[in-house]
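Per the numbering used here, the very first residue in the sequence shown carries number 649; after that it's consecutive. Glycine is no exception: its CB is placed at the ideal position from the N, C-alpha and C atoms. These figures come from a predicted structure and were not determined experimentally. Let me begin by presenting the structure, written as structure tokens, before commenting on it.
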Amino acid sequence: MTNKGLLLTLSLTGSLLLTGCATEPVSVTAEQLADQFDNDADGVINERDKCPDTLPGATINNDGCPALISSEKKNDLIVLFEHDSSVIDAVQKVEINRAVQKLIQNPQLMIVLEGHASASGASDYNQRLSKARAKAVRSAFISKGIASNRIDIKPLGESKLLLKDETLQAESLNRRVTAQFKLMDESTDLKWHIYSMEPHRSGV
649 MTNKGLLLTL SLTGSLLLTG CATEPVSVTA EQLADQFDND ADGVINERDK
699 CPDTLPGATI NNDGCPALIS SEKKNDLIVL FEHDSSVIDA VQKVEINRAV
749 QKLIQNPQLM IVLEGHASAS GASDYNQRLS KARAKAVRSA FISKGIASNR
799 IDIKPLGESK LLLKDETLQA ESLNRRVTAQ FKLMDESTDL KWHIYSMEPH
849 RSGV
């Protein structure tokens with residue numbers, strides 16, 4: 649056989665082999681396809697997801713389960729106040745409204761409000777002021793339709809200062825209400841945080 653004939657034979661044989669491979673049926677079941685989906689949209693496919701009904705927005709581990717945390721978690725909302733005041737200004741109301749939407753979208757959540765005051769003045773007065781601030785934020789949530797049993801308040805007075813120096817900035821940041829989202833029966837870390845740190849007028 650000539651070289652030309654040999655090449656033609658090899659070419660035809662290769663074409664037949666490739667055709668056979670191309671027409672080989674591939675068996676993929678519906679169950680296998682479903683395993684590659686992510687039904688609860690937490691970033692972990694069904695095949696590896698040990699918690700198929702994760703709370704939307706929760707921080708999850710490699711198994712698709714929410715990362716549980718202690719009650720002393722980072723703050724999800726900070727509302728700042730003027731000197732000797734429990735009045736919520738317009739800027740803070742915008743941030744509160746965003747938190748309200750989070751509660752509306754997740755009825756299994758509640759919120760814990762901690763009221764704080766700066767160290768200036770009498771400690772018993774600061775305790776009452778911190779309670780008034782927490783109650784003001786609580787009332788803002790209730791006015792937007794959030795049930796009162798989903799809101800806890802903890803007036804802490806000057807016992808947990810954010811900054812302990814006596815600068816105007818420190819005093820301003822210590823006049824606050826902090827808020828933390830929690831599940832009704834356990835704490836779950838959520839990937840949603842609001843830090844409302846707008847500058848306020850000078851004063852204690």
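So, for L811: in the same chain, excluding its five sequence neighbours on each side, which residues have a beta-carbon less than 7 Å away from its beta-carbon?
A818, L821, N822
Which residue or residues does DSSP assign as beta-bridge partners of K830?
M758
Cβ of R781 within 7 Å of any heavy atom in the ligand FMN?
Here there are no bound small molecules, and the ligand FMN is not part of this structure.
Where are the alpha helix (DSSP H) runs, 4 residues long or more, that stay fully inside the region 769-814, in chain order?
771-791
Note down, in chain order, each residue of its chain lying with its Cβ closer than 7 Å to the Cβ of D686, except the 5 sequence neighbours on either side.
V692, I693, N694
Can you give me the C-alpha to C-alpha distance between D688 and Q749, rounded to a whole angstrom?
20 Å
How far does the alpha helix (DSSP H) with I752 in it extend, from its first residue to its last?
738-753
Just reading off the beta strand (DSSP E) that I726 is part of, what are its end residues?
725-728
Is the distance from the Cβ of H731 to the Cβ of V825 below 8 Å?
no
Please list the terminal residues of the continuous alpha helix (DSSP H) segment that includes E695.
Taken as a continuous stretch (DSSP letters only), E695 belongs to no alpha helix (DSSP H), as it is neither H nor E.
Quick check: the Cα distance between L757 and D724, rounded to an integer number of angstroms?
13 Å
Use the C-beta contact count for V785: other C-beta atoms within 10 angstroms, 16 or more gives buried, fewer gives exposed.
buried
Name the one or two DSSP bridge partners that V735 has.
Listed as beta-bridge partners of V735 by DSSP are no residues whatsoever.
Go through its chain and collect everything with a Cβ distance to L809's Cβ below 7 Å, but skip five positions before and after it.
A767, N822
Could you check where the alpha helix (DSSP H) with A818 kicks off and where it finishes?
First-last of the alpha helix (DSSP H) with A818: 816-822.
Going by C-alpha distance, which of I799, D690, G769 is nearest E814?
G769
Excluding five sequence neighbours on each side, which residues of the same chain lie with their C-beta closer than 6 Å to the C-beta of L777?
A765
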